[in-house]
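The numbering of the first sequence is the numbering used here, which starts it at -17 and goes up by one.
In what follows, a single structure is set out as structure tokens and then discussed.
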Amino acid sequence: MRVFQEQSRPGRSAGFQPALPAGILPAGKVVGETPATGADETSALREAAHRIRISNMAKNIKTRAEDYSQWYLDVIKAAQLADYSPVRGCMVIRPEGFAVWEAIQRDLDRRFKETGHVNAYFPLLIPMSFMTKEAQHVEGFAMECAVVTHHKLEQDGKGGLKAAGELEEPYIIRPTSETVIGHMYSQWIQSYRDLPVLINQWANVMRWEMRTRLFLRTSEFLWQEGHTAHETADEAEEETLRMLDVYADFAEEFLAVPVLKGPKTDSEKFPGAVTTYCIEALMQDGKALQAGTSHNLGQNFAKAFDIKFAGRDQKEQLAWTTSWGVSTRLIGALIMTHSDDEGLVLPPRVAPNVVAIVPIFKTDEEKAKVAAYIEKLAGVLCGEDEVAAAAKRLKSGDLTRYFFDKVTGQAVVVDWRDNRPGDKQFHWEQRGVPFRIEVGPRDVDGEAMVVKRRLDRSKEVVKLADVSADWLRAKLEGVQSEMLEKARQYRDANSHTAATYDELKSTLKDKGGFVRCFFQPDAEAEKKIKEETKATVRCLPFDGKGKTGKCIFSGKEGAPEAIFAVAY
RNA sequence: CGGGGCGUAGCUCAGCCUGGUAGAGCGCCACGUUUGGGACGUGGAUGCCGGAGGUUCGAAUCCUCUCGCCCCGACCA
């Protein structure tokens, strides 16, 4: 345990305090080396005792090296993104986590509208018979459907309740909505003039999972599902790829998560799809995460649900449909791409709070002085009218929230809680707030402030005269692009190639990450490879399109490039 | 769903082997001293010992069953 503390927690024990005599208590070491004698002895001892206390303090986040899975759960817990619920496999998304989802919704929804889509809502419950209409679809989802069989409760005579009023036809809780939506589309679409239909829905879905993990795989999750119907196969394919690009751009520009794009192999595609395209991201433990999918459903669902229209040639034709979705899993991707051993790190565009201001004072006079200065600072950053508006708002705890961006709701928060400044630093650090600004009496006197960056935990002193809303925006954008760049570098450093199956095996085993090689997709071969390496084909990457070579498994020429990785 | 581990205060855990009616640290509340990277003192609150049966005069402790969580597999966004 201590080993990891030593290597991973520089800020906790060094760097922000007056230097100690050399040799005294490097981080994490306990007693042993005794302090020097002399004039400094008392303060050195006090300091040393302080360090021992801190280094021994129960740490609430395990390091990534120590236990990656636990680290992930600890980060979520420390940042209060989500909590377990009394319902098996289902989580509660807490306000801090939901704010991230709202940010994702806001930006994605804008992109959907910009590409011509509209929102609608379809029911949670789906007639069970609908599930049987598309053979592949049933096969894929039957095993994980929750089934509603009754419509009321009755006294059971023993002080409890029992299900009653059995339904003639059970409903299933939607695991996805292709079926109900297909049913409705068959009624809405009469003519080629009705096409394309470009609908998205924001909803929850349920898939009864054997093994769940917060955000990455829960039985109930939130997502968006786009469902479109087109006149021609080409249009459907175009739409499928368009939305894949929307996802990829969104992931990189908004979440700062670099992704690979490409089609899935047949064995990995969506049940009922002709082609499934995906975006794949690489997590810090070297495992891949499918972050979004876009499916070309061909005429499969049109056949199953009778989505027909009168074509330009006066003849009846089947529509071509697509569907595409991303889920709260993106929050998992976000966490595992950017966060560090200190906790959550949020890209500025996603962060609900962009700045946390930590006031420092001893006396009431100092507090008043600092408060006045902070109000001035808030005015500079968020506007005078916002400062006035904030004064009238209900507050939660002793936090004052000033909206920095009224459209996104992103705020500058001032932490007036009756805690020590150090507590507050850790508090906001663990929550991933991009910047913290420390304001104490010395700063007021010097018309300055200490600005600390979450990303690299660096700090600088900034003059109040240099601060403005634009200044902050520029800082935030700087962090945003650095985060994407950093994630790209990590991804690239963990992307390898393999020329032979042996090489694939050893690379996966020794290095992890993405491994690129020539491979002819084949269900049997993929199964075998998965058994032997735990890795699957993540996609046939677009950036390797056109290239062919000798298949690492079959040895045949003409195989396309594939990316293998162990996946979540 | 198979294998392994764990459920005791808000959190981390001790107590269980060898039954006698519940503890520590952290957190929380109050007051005081503090406050530029997790403060200290004093006082205080908090538990159906995951749940249900059983054995026993007596169960956190022993037995059976169940539920939940974590890890590893199979399945999946």
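Just so you know, even glycine gets a beta-carbon here, dropped at the ideal spot from N, CA and C.
With respect to the 8 Å criterion, I181 and A102 are classified as neighbours on the basis of their beta carbons.
CA-CA distance, V239 to A81, rounds to 18 Å.
Annotation: F535 to I511 spans about 9 Å, alpha carbon to alpha carbon. When secondary structure is reduced to three states using DSSP, M166 falls in the helix class.
With a cutoff of 8 Å on beta-carbon distance, V337 and V415 are scored as near each other. At a Cβ-Cβ threshold of 8 Å, A211 and P253 do not count as neighbours.
Taken in chain order, the complete beta strand (DSSP E) segments of 3 residues or longer contained in the stretch 242 to 303 are 242 to 245, 257 to 264, 270 to 280, 290 to 292, 298 to 300.
The three-state reading of DSSP puts G379 in coil, since its state is none of H, G, I, E or B. DSSP assignment within the stretch 458 to 535 yields the following whole beta strand (DSSP E) runs of 3 residues or more, N-terminal first: 477 to 479, 496 to 500, 517 to 521. G293 is not a Cβ neighbour of Y153, given a cutoff of 8 Å. Its Cα nearest to that of Q172, the residue Q299 stands out among Q299, E219, Y229, F236. A buried status is given to S309, since no fewer than 16 other beta-carbon atoms sit within 10 Å of its beta-carbon. Spatial neighbours of P105 in its own chain (CB-CB distance under 7 Å, excluding positions within 5 residues in sequence) are listed in chain order as V162.
Counting C-beta pairs with one atom in each stretch, the stretch 341 to 349 and the stretch 111 to 118 have fewer than three that are closer than 8 Å, which means they do not touch.
If one requires a minimum length of 3 residues, the beta strand (DSSP E) runs lying completely within the stretch 299 to 358 are 302 to 309, 335 to 341, in chain order. The residue from S305, E219, I289 with its alpha-carbon nearest to that of Q206 is S305. The stretch 392 to 407 makes contact with the stretch 377 to 384; the number of CB pairs closer than 8 Å reaches 3 or more. According to the DSSP assignment, F203 belongs to the beta strand (DSSP E) that extends over 202 to 212. Contact between F236 and V332 holds: their C-beta atoms lie close to 7 Å from each other, under 8 Å. Taking the Cα positions, N278 is about 55 Å away from A447. Shown here for Q87: same chain residues with a beta carbon closer than 7 Å to its own, the five before and five after excluded, namely W184 in chain order. Within 10 angstroms of the beta-carbon of S378 lie fewer than 16 other beta-carbons, which makes it exposed. Inclusion of A547 and K251 in the CB contact set at 8 Å is not warranted, their separation being larger than that value. Ranked by how close their Cα comes to the Cα of I342, the residues V421, K406, H132 have V421 in first place. In chain order, L143, K144, A145, A146 place their CB closer than 8 Å to the CB of L135, counting only its own chain and leaving out the 5 sequence neighbours on each side.
In this chain, the beta strand (DSSP E) harbouring M431 covers 430 to 435. In the three-state DSSP reduction, M73 falls in the strand class (E or B). Assignment of V415 by DSSP, reduced to helix, strand and coil, places it in the coil class. Judged by DSSP in its simplified three-state form, R175 adopts helix. Straight-line spacing of the CA atoms in L271 and D405 works out to 34 Å.
The stretch 428 to 437 makes no contact with the stretch 195 to 206: fewer than 3 CB pairs, one atom from each, lie closer than 8 Å. If you ignore the 5 residues before and after T515, its C-beta comes within less than 6 Å of the C-beta of K487, L490, all in its own chain and listed in chain order. If you draw a straight line from the Cα of G531 to the Cα of F501, it is about 8 Å long.
For E148, there is no enclosing alpha helix (DSSP H); the enclosing beta strand (DSSP E) has its first and last residue at 143 to 155. Collapsing the DSSP output to three states places F386 in a strand. Residue pairing by DSSP places I43 in no beta bridge whatsoever.
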